[in-house]
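Just below is one structure, and these are the notes that go with it.
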Amino acid sequence: MTRHTKPASNFTTSELLAVMASRLMTNGQIVFAGIGVPLLAATLAQRLFAPQLTILFEGGTIGPFIVPGELPPSTNEQRCTRRSNMVLPITDVLLLLQRGYVDIGFMGGAQIDRFGNLNSSFIGDAENPKIRLPGTGGGNDISSLTNMIVAMKHEKRRFVADVDFVTSPGWLKGGRSRANCGLPQGGLWRVVTDLAIMGFDEDTRQMKVLGLHHGVTREQVQENTGFTLEFDDKIETTAPPRDEELAVLRELDPKALYTA
Amino acid sequence: MTRHTKPASNFTTSELLAVMASRLMTNGQIVFAGIGVPLLAATLAQRLFAPQLTILFEGGTIGPFIVPGELPPSTNEQRCTRRSNMVLPITDVLLLLQRGYVDIGFMGGAQIDRFGNLNSSFIGDAENPKIRLPGTGGGNDISSLTNMIVAMKHEKRRFVADVDFVTSPGWLKGGRSRANCGLPQGGLWRVVTDLAIMGFDEDTRQMKVLGLHHGVTREQVQENTGFTLEFDDKIETTAPPRDEELAVLRELDPKALYTA
Amino acid sequence: MSIEPLVKSYSALRHETLTRDRGLREKVMTLEDAAKLVHDGNHVAIGGCTVSRTPLAMIWALIRARKRDLVISRSITSTEGDLFFASGVSQHVITSWFTQGIVWGVSKVMRHHTENKLAKFEEWSHMSIGLRYRAGAMGIPFMPSRTMLGSDVGKRVGDEIKVMDCPFTGEKIVLLPALNPDVALIHVQRCDAYGNAQLDGLQFMDIDMAMAANKVILTTERIVSNDQIRRTPDRTRIPFFTVDAVVEAPFGCAPHECYGLYEPFFEHLDHYAKISSQDPVKGPQRYLDEFYYGPKSWPDYLAKLGMEALLDASRRGRSVHND
Amino acid sequence: MSIEPLVKSYSALRHETLTRDRGLREKVMTLEDAAKLVHDGNHVAIGGCTVSRTPLAMIWALIRARKRDLVISRSITSTEGDLFFASGVSQHVITSWFTQGIVWGVSKVMRHHTENKLAKFEEWSHMSIGLRYRAGAMGIPFMPSRTMLGSDVGKRVGDEIKVMDCPFTGEKIVLLPALNPDVALIHVQRCDAYGNAQLDGLQFMDIDMAMAANKVILTTERIVSNDQIRRTPDRTRIPFFTVDAVVEAPFGCAPHECYGLYEPFFEHLDHYAKISSQDPVKGPQRYLDEFYYGPKSWPDYLAKLGMEALLDASRRGRSVHND
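Quick mapping for you: the protein sequence lines, in order, are chains P, B, Z and X.
Residues -12 to 247 (this note's numbering) make up the first sequence, in order.
Residues -12 to 247 (this note's numbering) make up the second sequence, in order.
Residues 6 to 328 (this note's numbering) make up the third sequence, in order.
Residues 6 to 328 (this note's numbering) make up the fourth sequence, in order.
If you want it as structure tokens, here you go:
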């Protein structure tokens, strides 16, 4: 397995992910966020430039403010409800996605393929797995119903041509296959890694590099990807994390629970 | 229209209905009660011999105690919630019937037929009615889903061979027709009037007199009914309202809002 | 009147919702400005039930704004239904029960308009209306159910309901079409400027209605700070992003009741019942002139209801908190 | 294990409910007596989610009572799933996510049992599990939904879900089978002796689960008077007639959390994560011996968690009320 060489930096991979993902948020959006990097990224955006961004948690919370240093262990504890606008049953918060109130779903990923399908269920064959992973949680629901951002480490074993098991549908087999399966809404919008930012071709729905992080080359990204990547006509280079951004992250997660 | 002659008495027709209906209740039952006589009857039972009887209101209340002299104008006002165990949305309280938690539904009726179908929608043809009545409310739901008691005045124009419009299904066309229509549960159990108490034949589902009130003859009941009644083999005579029963009713409804 | 399919396609529903401004923003406005959000021909769902938590201040504003061709839906319809018909704002009410209230007898105004085919009272069972809103709230095209079978209520709505054989049990099951109103009018005890609303006591069908609608107009007894909402988030029932307008309208249900604050103004309702049954045309017209078109403002309307009546209703209303 | 159809017929569902004692009666009992209400082979639904409001006192009692062949369902499964497998109480868990918690890494105990085919982890999407309980709660055989399509999660459950063309819109729609558990275990902050329960904060899937189940065992931090319940009926979430047992079990979720009262006992959970990942067989076995089979009572179990840990968790737990 080829490991990439990260440019020398004053931040961790998770911090890089959180910063890059936070910049994809827009003020006023309603973001359904998973725990860890997604929560940190959404909160970072909220603190810096998107005060009207609203976070939803799968556990049943609308619009909480996270208390620095008191990050929740999952989306289902009382820490997720601090100073929130509303708490509601799990089923009902997930139904907000189905009804269409949510702009963006935002989660981490264990394995992703060229069409943005995510696997968090099985490594190897499902009937005879090498590793039984924890499973979908709300992942299948969120990715079936809304536009998605995924943040994950860029490794060849994680970026594969076809995932072993489609836990959360991306663009399935590309083209119109997602809509044809009965999923006319949503789809994987952005993949944020420690190397690059990727989207998907409008027609083929193949993964396509849109931006490279500072000091990262196309070759590095391709080397760490298990399938042939497309590259956009105009690739941008992202600005490295600013001190201000890192400061907020470190205030939120002083023990580096999610940013180690 | 033949009007019956009521025996001289110290109580009103509504009081008689409430007393007779209350005696059909059993301690521990869960009773879905309409406003007016049903509420009075259920409360009377609760006060006299069924302290563990629980009243549900269509407005969304479980187990209220009615404050004497403060009867609600419908099942949807705050008076219905006084000292209740729980309030919940309308849809959810009606779903308790569908789920099967309720023993008895209990309502009044404008028009009933030999199979216990109730009409509270139209007098005359629905497309060209003589009178547009207020409609089903929860009546259709309650009578579709649970065993029913109906309390109403015994008049020929109200007891008809076939109702003009089936608002709330009784036994439909008798026999197995109700179950065959997709209503396998519930059905009209008792009709309480100011003359008699009626049930329905187990096979034909035709209305059948089970008991006569004190001083009422079979002929009187038949005269005030618009179809041929069956009579049970052993007709009982009900005991007249006791002072104790009337006292509770008059305490509950001192202004005779529902018992005039 | 809009010629739309009975149930919106999922794409249409999602598109409508996507294009709403769902961001956290203040949306406090006057009754008059909120009335502009309702368009002629809209399907307008009314919160509360019978004479309880009826959004009468907003209905008052719609009638004064002379809206036309509204399709109205409500769980149970009381005096506001009479006034929709009598004012010409609507000729089509979808509800399960339509009359002022059982103690006042059958509405002569409803009878006049329906028996003379001036207006339509479309009758569904109570639970079915609730489940139609619920399906709309959940983003599904139908809700399975077990009532309206065998009855003429079911037959009369015709192929607006479907009956299918359950693929799991083989039993007959009713499919009720989702209802996604254009606008929902809901009155609450308190909400913040964003529209986070807390409802005390009976909820009726209001939550499902708010989630189902394409637009929500909240009237509220008082606007509280967002801080106050955030102190008891488990009492919030309607989230801000479903809400398009917040109007502070104290006694906004009068002469109906608002849980914990005021009971119905019974004498006023007796008065309305009397004049409307004496003459189902001129009665409500006189009532509209006096209480709807006449007053120069909502406080002026309340003044016409009378200070003594208002204090009496409040005393009775607060009594639920005396236990 | 019971060989029952996937979805109960309506007659069977109604008959089961009819024959339950739903009258208003006191039903306070011990953990041990409540455990007798659960029979080998039962489908047992577990309230709460991950490490939040897990009914651990009751689970503790079931494991001590050496139940067998339970089918377990829960929204998201944490340490209690490990212990169900390790204790031999269950070899079948229906859930959307199964691991102690994201901060502790993938459960080695879950991996050991599933990868070696000693037990089954049946995976449904989170919302689908919720909607299955909801259909069960509503007395309908299925719930329409729009997820699990196209994915292997959907394919793997096979014909337990149906896909149909909507008769109203022509779109594809999923029908999820209703789930009516034999027993639901739910922990609440307070309830009365009849089982009228008030839950603060996050509700998870508990309300639907209670309404869907054929039997409900409530554990509660405290039993309050019925008078107290009747003072705030709009805070009651589970009505007494769904409940079959009420057990007062203070700190009944420890080392998990109970909203507003105590947060997770993090050091204890770190300890469990450590020993169970060092050896996924002997680790949980040692843990069960020490904390489940060893203690002579629930207070004795709490004593083993430690006074300091308990006070610390309580201090953090109460902090939501500091705002």
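Backbone N, C-alpha and C define an ideal beta-carbon position, used for all residues, glycine too.
If only uninterrupted alpha helix (DSSP H) runs of at least 4 residues are considered, those enclosed by the segment 59 to 125 of chain X are 61 to 69, 84 to 92, 113 to 120. Its Cα nearest to that of E262/Z, the residue S324/Z stands out among M216/Z, S324/Z, Q290/Z. Annotation for M73/P: I49 place their beta carbon closer than 6 Å to its own, counting only its chain and skipping 5 residues before and after. Note that the C-beta distance between V6/B and M12/B is not below 8 Å. Residues of chain B with a Cβ closer than 7 Å to the Cβ of D187/X do not exist; the shortest Cβ-Cβ separation is about 16 Å. Across the segment 193 to 210 of chain X, CB contacts with chain P closer than 7 Å involve G206, L207, Q208, F209, M210, in sequence order along the chain. When the beta-carbon positions are compared, A278/Z and W129/Z stay at least 8 Å from each other. Residue pairing by DSSP places S150/Z opposite V179/Z in a beta bridge. Residue burial annotation: S150/X is buried, with at least 16 other C-beta atoms found within 10 angstroms of its C-beta. Going by DSSP, D164/X is part of no beta strand (DSSP E) at all; its letter is neither H nor E. With a cut-off of 8 Å on Cβ pairs, the segment 90 to 102 of chain X is not in contact with the segment 209 to 225 of chain X, counting fewer than three such pairs. Along the segment 72 to 89 of chain B, going in chain order, the ones with a CB nearer than 7 Å to a CB of chain X are N72, M73, V74, L82, Q85, R86, G87, Y88. Judged by DSSP secondary structure, N167/B falls outside any beta strand (DSSP E) and instead within the alpha helix (DSSP H) spanning 164 to 167.
At least 8 Å separates the CB of G46/P from every CB of chain Z.
Within the same chain, and ignoring the five residues on either side of E217/P in sequence, the residues whose Cβ sits closer than 6 Å to its Cβ are Q193, K195. Beta bridge pairing from DSSP links R177/P with I136/P. By alpha-carbon distance to P289/X, the top candidate from P300/X, H276/X, P238/X is H276/X. DSSP lists A202/X, I228/X as the beta-bridge partner residues of C196/X. As the crow flies, the alpha-carbon of D220/P is around 12 Å from that of D188/P.
Identification of chain P residues near D213/Z by a Cβ-Cβ cut-off of 9 Å yields none; the smallest Cβ-Cβ distance measures about 10 Å.
Here H44/X carries a coil assignment [DSSP, helix/strand/coil]. In the DSSP assignment, G186/P is bridged to K195/P. H200/B has T225/B as its beta-bridge partners, per DSSP.
I110/P and P285/X have their C-alpha atoms roughly 19 Å apart. In chain order, P149, C171, F173, T174, E176, I178 make up the part of chain X whose C-beta sits under 8 Å from the C-beta of P146/Z. Interface with chain Z (8 Å Cβ-Cβ cutoff): D112/B is excluded. Bounds of the alpha helix (DSSP H) holding V24/B are 24 to 35.
Take the alpha-carbon of E223/P and the one of Y15/Z: they are about 36 Å apart.
Among the residues of chain Z, those whose CB is under 9 Å from the CB of S14/X are T174, G175, E176, following chain order.
In the structure shown, the three-state DSSP call for E2/B is helix.
In this chain, the alpha helix (DSSP H) harbouring A308/Z covers 303 to 310. At a cut-off of 8 Å between beta-carbon atoms, S155/B makes contact with chain Z. Taking 8 Å as the CB threshold, L236/B stays off the interface with chain Z. By alpha-carbon distance to T133/P, the top candidate from F93/P, L105/P, Q98/P, K160/P is F93/P. Sorting E295/X, A218/X, H273/X, D249/X by C-alpha distance to the C-alpha of V12/X places A218/X at the top. Taking all protein chains in view, the Cβ of M153/X is crowded by 16 or more other Cβ atoms within 10 Å, so the residue is classified as buried.
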